[in-house]
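Trainee:
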Amino acid sequence: MIELLSPLSGWVAPLSELPDPVFAEGMLGGGVQIDPTEGLLVAPAAGRIESIHSAAHAITLACDAGPALLLHVGLETVALGGRGFEPLVAAGDRVAAGQPLLRFDLDLLAQAARSLATPILVTNGEAFRIAWAGAGLIAAGEPLMRLEAVDAAARTGGAAGPVAARDLVLPLAHGLHARPAARLAREAARFDAALRIGSGDRMAPADSPVAMLALALPHGAAIRLEATGPEAEAALDAVAAMIAGGMGEFRAAGAAPGSADAAAGLPPVLTGVRASPGRAIGPAFHFRRPEIAVRTSFLGADTELAALEYARKATAAALAQAAGGEGAAADIAAAHLSFLDDPALLDAARRGIAGGASAGVAWQRATDGFAALLAGASRRFAERVADLRDVERQLLAALAGESGEQALPPPGVILLADDLAPSDLMALAGVGLAGIAGADGGPTSHVAIIAQGLGLPMVAALGPLGAIPDGRMLLLDADAASLESAPDEARLAAARATAEAAAARRAAALDTAALPTVTRDGVAIELFANLGSVADARMAASQHAEGCGLLRTEFLFLDRDTPPTEEEQRRDVQAIADALGPKPLVVRTLDIGADKPAPWLDQPAEENPALGLRGIRLQLARPALLEAQFRAMLAVDAPLSLMLPMVAHAAELAQARALLLRLAAEAGRAPPPLGIMVETPAAALMAETLAAEADFFSIGSNDLAQYALAADRTNPAVAATLDGLHPAVLRLIAQTVAGAATRGRWVGICGSLAADPQAVPILIGLGLTELSVPPAAVAETKAAVRGLSMAQCRALAARALAAPDAAAVRRPGLLEEAA
24 MIELLSPLSG
34 WVAPLSELPD
44 PVFAEGMLGG
54 GVQIDPTEGL
64 LVAPAAGRIE
74 SIHSAAHAIT
84 LACDAGPALL
94 LHVGLETVAL
104 GGRGFEPLVA
114 AGDRVAAGQP
124 LLRFDLDLLA
134 QAARSLATPI
144 LVTNGEAFRI
154 AWAGAGLIAA
164 GEPLMRLEAV
174 DAAARTGGAA
184 GPVAARDLVL
194 PLAHGLHARP
204 AARLAREAAR
214 FDAALRIGSG
224 DRMAPADSPV
234 AMLALALPHG
244 AAIRLEATGP
254 EAEAALDAVA
264 AMIAGGMGEF
274 RAAGAAPGSA
284 DAAAGLPPVL
294 TGVRASPGRA
304 IGPAFHFRRP
314 EIAVRTSFLG
324 ADTELAALEY
334 ARKATAAALA
344 QAAGGEGAAA
354 DIAAAHLSFL
364 DDPALLDAAR
374 RGIAGGASAG
384 VAWQRATDGF
394 AALLAGASRR
404 FAERVADLRD
414 VERQLLAALA
424 GESGEQALPP
434 PGVILLADDL
444 APSDLMALAG
454 VGLAGIAGAD
464 GGPTSHVAII
474 AQGLGLPMVA
484 ALGPLGAIPD
494 GRMLLLDADA
504 ASLESAPDEA
514 RLAAARATAE
524 AAAARRAAAL
534 DTAALPTVTR
544 DGVAIELFAN
554 LGSVADARMA
564 ASQHAEGCGL
574 LRTEFLFLDR
584 DTPPTEEEQR
594 RDVQAIADAL
604 GPKPLVVRTL
614 DIGADKPAPW
624 LDQPAEENPA
634 LGLRGIRLQL
644 ARPALLEAQF
654 RAMLAVDAPL
664 SLMLPMVAHA
674 AELAQARALL
684 LRLAAEAGRA
694 PPPLGIMVET
704 PAAALMAETL
714 AAEADFFSIG
724 SNDLAQYALA
734 ADRTNPAVAA
744 TLDGLHPAVL
754 RLIAQTVAGA
764 ATRGRWVGIC
774 GSLAADPQAV
784 PILIGLGLTE
794 LSVPPAAVAE
804 TKAAVRGLSM
814 AQCRALAARA
824 LAAPDAAAVR
834 RPGLLEEAA
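What the sequence shown shows, in our numbering, is residues 24 to 842, in sequence order.
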């Protein structure tokens, strides 16, 4: 048994709780994390220093007993470039257990780094197993981990053979540090090849992140990749492409960080994920949030507690004022208020003050801890980290007596933001932004929701944008999830013409929005709207939507500490029904689960939440939720229908209907129509069977496409391959329509495909009689339908079903050929 001592004083926690998947998922090795309380790192065992990164934040140690360790102080500290770190040893030095290795400025890192959490990793886990690890408060030099030696399996991949090679220049802004090394190692492991990376005569196996770290390859280094084995060429192509693309840290060789010259090395088109639809042309303007001065001196527990409470109340008052408005911004401000009242978060801050931290530092550490829990839980929770950080900054600004307001950009710019908070965008709502390009984020973030409400095109998850200089003309196409960083004049002219034509079409559609939605040959198509708030309902009514095809009720249940009461549900849905007017209202029952978690819902994180306990599965597993929602909806005075999400089995629908019939009888009311969302291939394939029980079908094209094509629609790495016009998805839609027809059931669609101009004639040709679109798309979609004939739509649908892929369906001219 080999014992390792703690290299730090601080709090020990599981590695899996780190808000960084490279470390949390063990890509660099197993171990623990320590949140340090002192700024001194010591050797956990006797051994030899293999490497110290040029930024001084990471040290690799080869222990005399055999384990190879990586000591990585903080998260994303490589970006500090060595600021705040003082190495006490050098590569090649021999060290004794407990010998000081590194001093670091704890206060500076607390303000400048993403997190102080320090991974302590055993990187040769194939040779050593962690038999025991400590937890809780620990002092440097106390036992931290015990390791057992295990037999290492012999390597079988990468047979000998001819050597293939690639030469390139390292474009990583911070050199080859821990995070990109781990990603390269994971990619290299996919191939039956032995891959090496290095410079000159110093080479390291690419399946060993620590060996790559020991090379200490800086930005701009000339590097060589070599591979042997059956898949040598494929391995080289994949790894070289990752390196050349910059892995989110691209900086052109020879360019200073953030310089205009660096932009020349950017790909001409950056791709991300669509957060809010539309297109925009305008000059780049980088969002720069002013620094907030956080006092680190301790003035006594009573003074610090009073300061924390004063700042909390001031922040709460500002948020309460914002929450008194309407629309998404008000809803989000109300959700932010819950953070300020969270007892666990406040207790953590108060414990920090009791331990001698100032109010600001204690608040930062408390939010750091909760952010780590949120980021490690699921993608949906991770997107709430931005909300927590937003509230963190607002309270810190109140502590410092600062407004926290940024300089306003000129109108017409495309805002480039590495870290845009909901409050930031709300403050910029009236300046006339053309669009938003986000380095991070996703389509369900609160910033994206606000952008949608403001009608601002937004692309998220584009990666670092610092190389684009202010003032550079950009072309943002949110519908294609792209940002063109250097469009030429011809491209800009074409884009402006397209934008002007789109504006003219929209104006004409609004002028005729009150007309019936009828094809040229007299076939009526119901044009409904997807709703999630009273503001949505008012917009839908203003565009003459004929009803609501999808009311998402999740807004009632998320971002709160307790589930809503029946009366709260009835009241909020009644307000939406009143705003919509006496028109049909289709209410989808609660669609949450591990992929869309609620704070009050005691549900563990799932390995694959999209396939887990969500939608109707969760409702039937927690029948009190479904019963309360059914009771509330039975009390709403409106022409209401109910719809169940994520149905895959007839038994799920039968069980829900039995409950609805019982509750309706108890209330003395006729039960409303009960339909299902067709989001699973199972529901589409079993539509004839389900039609015996369901009153109607509504196709959720987003989920149906991701399940049919096995591509996570929230993952930017594969989102570009996801297209609802793929013939496989269209055939499932056609089968749903055919199955519904056996019982005379109507079929609509409420996914994003319903508002896709290329999809509308195909969907009508497949037999869908109801389209439900975002409120802003109602008028234009109605106008599009009035320009079609059923013969044309059916011919186009037939061609689409026979096409080989989505690209062929979207081929220009296909609609005209079918005319």
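Glycine included, every Cβ here is placed at the ideal spot set by N, Cα and C.
According to DSSP, what are the bridge partners of residue 472?
Mentor: Paired residue(s): none; residue 472 is not in a bridge.
Trainee: Since residue 692 contacts residue 643 with CB under 8 Å, what's their CB separation in whole angstroms?
Mentor: The Cβ separation is near 23 Å, so there is no contact.
Trainee: Does residue 556 come out as helix, strand or coil in the three-state DSSP assignment?
Mentor: In the structure shown, residue 556 sits in coil (DSSP, three-state: anything other than H, G, I, E or B).
Trainee: Suppose you measure from the CA of residue 66 to the CA of residue 35; what does that come to, to the nearest Å?
Mentor: Straight-line Cα distance between these residues: approximately 17 Å.
Trainee: For residue 662 versus residue 608, is the C-beta distance shorter than 8 Å?
Mentor: In contact: residue 662 and residue 608 (Cβ atoms closer than 8 Å).
Trainee: Do residue 38 and residue 142 have their C-beta atoms within less than 8 Å of each other?
Mentor: Yes.
Trainee: Hey, out of 833, 753, 812 and 745, whose CA is closest to residue 297's CA?
Mentor: Here the closest residue by C-alpha is 745.
Trainee: How far does the alpha helix (DSSP H) with residue 599 in it reach, from first residue to last?
Mentor: From DSSP, the alpha helix (DSSP H) with residue 599 extends over 589-603.
Trainee: Could you give the residue range of the beta strand (DSSP E) that holds residue 666?
Mentor: Its beta strand (DSSP E) spans residues 663-667.
Trainee: Return helix, strand or coil for residue 403, following the three-state DSSP convention.
Mentor: At residue 403 the pLDDT is 44, less than 50, meaning the model places this residue with poor confidence and gives no usable figure here.
Trainee: 8 Å is my cut-off, CB to CB: does residue 100 come that close to chain D?
Mentor: The chain labelled as chain D is not found in the depicted structure, where only one protein chain is given.
Trainee: By DSSP, does residue 214 sit in helix, in strand, or in coil?
Mentor: It is coil, neither helix nor strand.
Trainee: Quick one: what's got a C-beta closer than 8 Å to residue 263's C-beta in the same chain, skipping five residues either side?
Mentor: Taken in chain order, the residues that qualify are 189, 191 and 248.
Trainee: Evaluate residue 381 with the Cβ neighbour count: other Cβ atoms within 10 Å of its Cβ, from every protein chain shown; 16 or more gives buried, anything less gives exposed.
Mentor: Buried: at least 16 other Cβ atoms inside 10 Å.
Trainee: Is DSSP giving residue 817 helix, strand or coil here?
Mentor: Three-state DSSP puts residue 817 in a helix.
Trainee: So, residue 251 versus residue 211, is the Cβ gap smaller than 8 Å?
Mentor: No, these two residues do not count as a Cβ contact at 8 Å.
Trainee: Should residue 700 be labelled buried (16 or more other beta-carbon atoms within 10 Å of its own) or exposed?
Mentor: With 16 or more other Cβ atoms within 10 Å, it is buried.
Trainee: Is residue 422 near the ligand FMN, going by C-beta to nearest heavy atom under 7 Å?
Mentor: As far as ligands go, the structure on display features none, and thus does not contain the ligand FMN.
Trainee: Tell whether a beta-carbon distance below 8 Å holds between residue 64 and residue 98.
Mentor: No.
Trainee: Are the beta-carbon atoms belonging to residue 493 and residue 307 less than 8 Å from one another?
Mentor: In this structure, residue 307 lies closer than 8 Å to residue 493 by Cβ.
Trainee: To which residues of the same chain is residue 70 closer than 6 Å at the C-beta, ignoring the five residues directly before and after it?
Mentor: 84, 85, 86 and 87.
Trainee: How big is the Cα-Cα spacing for residue 20 and residue 454?
Mentor: Nothing about residue 20 can be reported from this structure: the residues present for the chain run from 24 to 842 only.
Trainee: Can you tell me whether residue 2 is buried or exposed, with buried defined as 16 or more other CB within 10 angstroms of its CB?
Mentor: Since the first residue of the chain shown is 24 and the last is 842, residue 2 is not available in this structure.
Trainee: Is it buried or exposed for residue 388, if we count other Cβ within 10 angstroms and need 16 for buried?
Mentor: Looking at its Cβ environment, which holds 16 or more other Cβ atoms inside 10 Å, residue 388 is buried.
Trainee: For residue 548, which of helix, strand or coil comes out of DSSP?
Mentor: If DSSP states are grouped into helix, strand and coil, residue 548 belongs with coil.
Trainee: To which residues does DSSP link residue 247 through a beta bridge?
Mentor: Residue 247 pairs with 190 and 221.
Trainee: In its own chain, which residues sit with a C-beta less than 8 Å from the C-beta of residue 113, not counting the 5 before and 5 after it?
Mentor: Around residue 113: 72 and 75.
Trainee: Can you give me the start and stop residues for the alpha helix (DSSP H) that residue 168 sits inside?
Mentor: No alpha helix (DSSP H) contains residue 168, which is instead part of the beta strand (DSSP E) from 166-172.
Trainee: If you reduce the DSSP assignment to three classes, tell me which class residue 384 lands in.
Mentor: Note: residue 384 maps to helix in three-state DSSP.
Trainee: Keeping to the same chain, check which residues put their C-beta closer than 6 Å to that of residue 254; ignore five residues upstream and five downstream.
Mentor: The residues are 214, 215 and 216.
Trainee: Given a threshold of 16 other Cβ atoms within 10 Å of its Cβ, counted over all protein chains shown, does residue 320 qualify as buried or as exposed?
Mentor: Classification for residue 320: exposed.
Trainee: Here's the rule I'm using: 16 or more other beta-carbon atoms within 10 Å means buried, otherwise exposed. How should residue 539 be labelled?
Mentor: With fewer than 16 Cβ atoms within 10 Å of its Cβ, residue 539 is classed as exposed.
Trainee: Less than 8 Å between the CB atoms is what I'm expecting for residue 704 and residue 823, so what's the real figure, rounded?
Mentor: Their Cβ separation, rounded to whole angstroms, is 18 Å, which puts residue 704 and residue 823 out of contact at 8 Å.
Trainee: Are the Cβ atoms of residue 710 and residue 719 separated by less than 8 Å?
Mentor: Taking 8 Å as the Cβ cut-off, residue 710 and residue 719 do not qualify as a contacting pair.
Trainee: For residue 151 versus residue 173, is the C-beta spacing smaller than 8 Å?
Mentor: Yes, the pair counts as a contact, with Cβ atoms nearer than the cut-off.
Trainee: What did DSSP end up calling residue 36 once you bin it into helix, strand or coil?
Mentor: Residue 36 falls in the strand class under three-state DSSP.
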